[in-house]
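Notes follow the structure.
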Ligand SMILES: [Zn+2]
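Here's what the structure looks like:
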C-alpha cells in the first residue's frame with residue numbers, strides 16, 4: 208500500500224484542529240468543550256477519522272522500516288550538519304554531541320550530530 212502524503216495533509220487541514228480526545232461515550236471531542244468531532248455534521252472530521260484508521264497500519268509499517276545504522280560493537284553511524292559521517296559508540300565514548308567535528312572543525316553543540324537511519328528494502 209502506498210501512502211499519499213499530500214492527500215493525507217489535505218484531510219488533516221480540512222478537519223478540526225487537534226488535540227482531540229476520545230471519551231468513554233464513543234465520541235471524539237475537539238479542544239472546544241462541547242464540540243464532538245465524530246458525532247458532528249462536519250463531514251471532513253468523519254472522513255479524517257475513517258481514513259486515519261485505514262492508513263495507520265501502512266504509516267506504522269513505514270516508520271518501522273527505518274532503522275538506525277548500528278555496528279555489531281555498538282557503534283552507530285552519525286551525520287554532522289556539514290554532511291560528514293562518522294561512527295561513534297556513545298556507551299564507550301560518551302554523547303556524540305559532546306564532540307566537535309573534524310571535517311568542519313566546529314565546536315560541540317547540541318544536535319550537530321544526528322543518527323543515520325536506513326530504510327529496509329521492501330518485501331519482494
Ligand atoms: Zn561538521
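Residue numbers (this note's numbering): 208 to 331.
Glycine included, each C-beta is placed from N, C-alpha and C at the ideal position.
Beta-carbon separation of residue i and residue j under 8 Å?
i	j	result
residue 255	residue 222	yes
residue 227	residue 217	no
residue 273	residue 323	no
residue 325	residue 276	yes
residue 210	residue 250	no
residue 289	residue 310	yes
Drop a sphere of 10 angstroms on the beta-carbon of residue i, count the other beta-carbons inside from all chains shown, and report buried for 16 or more, exposed for fewer.
i	result
residue 278	exposed
residue 319	buried
residue 244	buried
residue 252	buried
residue 237	buried
residue 287	buried
At which residues does the beta strand (DSSP E) containing residue i begin and terminate?
i	result
residue 293	292-295
residue 230	No beta strand (DSSP E) contains residue 230, which DSSP labels as neither H nor E.
Is the closest heavy atom of ligand 1 to the C-beta of residue i under 7 Å?
i	result
residue 288	yes
residue 314	no
residue 230	no
Need the endpoints of the alpha helix (DSSP H) that residue i sits in, please.
i	result
residue 262	250-272
residue 244	Counting along the chain, residue 244 falls outside any alpha helix (DSSP H), and DSSP gives it neither H nor E.
residue 217	212-221
Subject >> Three CB pairs or more closer than 8 Å across the stretch 262-275 and the stretch 287-296 >> reply: no
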